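Peer 1: For the sequence shown, UniProt numbering assigns the number 1 to the initial residue and increments by one for each residue that follows.
We put the CB at the ideal spot given by N, CA and C, even for glycine.
On a predicted model such as this, the values are computed, not experimentally measured, just so you know.
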Amino acid sequence: MNVTGQDNGEWTCVVTYQGREAYANTPVTVIDLSPAHPQPIYTSVSSLSLLHLPCFFSIPLPLSWSDSQEKGIQGGRWTFTPSPAAGSLTGVVQTLVNLSPGPPLAWVANQKRGLDVSALQRKNLNLSLSKKGVTEGDRGDYTCAVEFQRGDTLKREMRVEVLQVFTSPGPVAFLGQEVNLTCTLGQPLTSDLEVKWIPPHHSSLLPLDSSPHPTLLTIPEATYGNGGRWRCELWRNKTKLTSVEITLKIGEKGETGSDMVRMWLGCVVSVCVEVRLYLLRLG
């Protein structure tokens with residue numbers, strides 16, 4: 001019999017003999033991980049985006065990892081397998097954090113990926129990870145695993161999809177130039193997903209046709225009204241999963257390359273100011 005966390009609780013044995021019943025109760029404690037995410041985890045490319053990877057025991061254990069060997073735990077790890085849409089190291093399994101055998105047991109993190117492992121240090125054997133600032137390189141499959149001394153391993157797998165938007169020929173365009181905006185997960189959308197574009201208020205594309213909107217949006221001739229913040233939202237039925245924004249700058253054809261560079265730097269500075277204001281609000 002394969003047990004899960006749903007089998008945790010009070011069990012009753014009933015014996016019937018000559019029309020009479022006898023009962024015996026016994027508590028059963030099952031150590032299991034929380035159920036896996038039924039759907040992918042959706043986030044977007046942004047320095048402000050937060051990626052949260054939940055993994056914890058279905059029954060909180062008031063222990064630190066250094067004391068967890070009392071429960072037969074001898075190891076654990078988080079691994080990451082980039083998807084083809086991640087852009088590099090496709091299919092190569094990477095170890096993000098590893099529970100070293102000790103003694104005492106302790107988590108060793110690969111900080112090159114900017115992971116927040118603070119949840120791993122708490123006294124409830126929480127295995128959740130998070131990351132501030134998401135890129136397309138975070139797309140892929142994540143596996144949380146805990147190993148026990150008798151050879152059993154508990155695993156939970158989750159897929160992360162990252163929405164991004166980019167423009168062609170770039171974030172700075174000339175008046176009258178054709179501009180393409182692409183909103184993508186790095187792969188074709190499944191039939192249950194759709195995107196919605198929110199253009200600047202004075203865009204020449206307004207009003208957009210009824211949804212679903214195309215993932216590739218073309219501005220035949222850019223105008224000043226097309227300049228500003230474009231937002232792409234990802235939806236499943238009536239639920240918004242995530243969104244991503246990009247700022248498009250429109251300049252005149254007669255402007256020099258240095259003028260366009262200054263405009264591009266203006267885009268970068270505006271993003272930095274927004275990030276700083278956001279951090280100040282948090283503080």
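1) What did DSSP end up calling ASP138 once you bin it into helix, strand or coil?
2) Let's test the definition: count the other Cβ atoms within 10 Å of the Cβ of GLY251 and tell me whether it reaches 16, buried, or not, exposed.
3) DSSP puts TRP17 in a beta bridge; with which residues?
4) Taking only the alpha-carbon atoms, compute the straight-line gap between PRO84 and VAL93 and give it to the nearest angstrom.
5) For PRO27, does the three-state DSSP call read helix, strand or coil?
6) Between which residues of its own chain and THR184 is the CB-CB distance below 7 Å, once the five residues before and five after are set aside?
7) Measuring CA to CA, which of VAL108, LEU50, ARG113, GLU10 is closest to PRO82?
8) Between SER46 and VAL134, is the Cβ-Cβ spacing less than 8 Å?
9) Between residue 284 and SER44, is the Cβ-Cβ spacing less than 8 Å?
10) Within 10 angstroms of the Cβ of ARG20, are there 16 or more other Cβ atoms? Answer buried if so, exposed if not.
11) According to DSSP, what are the bridge partners of CYS183?
12) Put SER118 into one of helix, strand or coil per three-state DSSP.
13) Tell me the DSSP secondary structure of ASN98 in three-state form.
14) With DSSP as the reference, label residue 301 as helix, strand or coil.
15) Take GLY176 and list the residues in its own chain whose beta-carbon comes closer than 6 Å to its own, dropping the five residues that flank it on each side.
16) So, PHE80 versus GLY151, is the Cβ gap smaller than 8 Å?
17) Out of ARG231, TRP235, THR239, ARG236, point me to the one whose CA is closest to GLU245's CA.
18) Report buried or exposed for LYS131, applying the criterion of at least 16 other Cβ atoms within 10 angstroms of its Cβ.
19) Please name the residue, chosen from HIS201, ALA119, ARG159, that lies closest to TYR42 on a Cα-to-Cα basis.
20) Within its chain, find whatever has a CB closer than 6 Å to the CB of GLN149; leave out the 5 residues flanking it on each side and keep chain order.
21) Can you tell me which of the three DSSP states ARG77 falls into?
22) Here's a check: name, in chain order, each residue in its chain whose Cβ is nearer than 6 Å to the Cβ of THR26, leaving out the five neighbours to either side.
23) Taking all protein chains shown into account, decide if GLY9 is buried (16 or more other Cβ within 10 angstroms of its Cβ) or exposed.
Peer 2: Concretely, from the data shown:
1) If you number the sequence shown from 1, residue 138 lands on position 138. Judged by DSSP in its simplified three-state form, ASP138 adopts helix.
2) Your numbering for residue 251 matches position 251 in the sequence shown. With 16 or more neighbouring CB atoms inside 10 Å of its own CB, GLY251 falls in the buried class.
3) Here residue 17 refers to the residue found at position 17 when the sequence shown is read from its first residue. It is Tyr, not Trp, that sits at residue 17 in the sequence shown. Note: TYR17 sits in a beta bridge opposite ARG20.
4) Residue mapping note: residue 84 aligns to position 84 of the sequence shown, counting from 1. Residue mapping note: residue 93 aligns to position 93 of the sequence shown, counting from 1. Straight-line measurement puts the Cα of VAL93 at about 13 Å from the Cα of PRO84.
5) Here residue 27 refers to the residue found at position 27 of the sequence shown. Correct three-state label for PRO27: strand.
6) For the purposes of this step, residue 184 is identified with residue 184 of the sequence shown, where counting begins at 1. Excluding positions up to five away in sequence, the list reads GLN164, THR215.
7) Numbered from 1 along the sequence shown, position 82 holds the residue referred to as residue 82. With distances taken between Cα atoms, PRO82 lies closest to ARG113.
8) On the sequence shown, position 46 is the one that residue 46 refers to. On the sequence shown, position 134 is the one that residue 134 refers to. Yes, these two residues count as a Cβ contact at 8 Å.
9) For the chain, the structure presents residues 1 to 283; residue 284 sits outside this window and is missing.
10) For the purposes of this step, residue 20 is identified with residue 20 of the sequence shown, where counting begins at 1. With a threshold of 16 other beta carbon atoms within 10 Å, ARG20 falls short and is exposed.
11) Within the sequence shown, residue 183 is the residue found at index 183, counting from 1. VAL165.
12) Against the sequence shown, residue 118 aligns to sequence position 118. Helix at SER118.
13) Reading the sequence shown from its first residue, position 98 is the one you call residue 98. The three-state reading of DSSP puts ASN98 in strand, counting E and B together.
14) The question about residue 301 has no answer here: the residues shown for the chain are numbered 1 through 283.
15) Your numbering for residue 176 matches position 176 in the sequence shown. Taken in chain order, the residues that qualify are GLU221.
16) Taking the sequence shown and counting its residues from 1, the one referred to as residue 80 is at position 80. Taking the sequence shown and counting its residues from 1, the one referred to as residue 151 is at position 151. No, they are not a contact pair.
17) Translated into the one-based positions of the sequence shown, residue 245 becomes position 245. Ranked by how close their Cα comes to the Cα of GLU245, the residues ARG231, TRP235, THR239, ARG236 have ARG231 in first place.
18) For the purposes of this step, residue 131 is taken as the residue at position 131 of the sequence shown. Buried, because 16 or more other Cβ atoms sit within 10 Å of the Cβ of LYS131.
19) Here residue 42 refers to the residue found at position 42 when the sequence shown is read from its first residue. Ranking the options by Cα distance to TYR42, first place goes to ARG159.
20) As a position in the sequence shown, residue 149 is number 149, starting the count at 1. Short of 6 Å from the beta carbon of GLN149, and not among the five residues preceding or following it, lie these beta carbons of its own chain, in chain order: GLY72, GLN74.
21) Counting from one through the sequence shown, the residue named residue 77 turns up at place 77. ARG77 falls in the strand class under three-state DSSP.
22) As a working note, residue 26 is residue 26 in the sequence shown. Excluding sequence neighbours, THR26 sits near TRP11.
23) Counting from one through the sequence shown, the residue named residue 9 turns up at place 9. By the beta-carbon neighbour count (other beta carbons within 10 angstroms, threshold 16), GLY9 is exposed.
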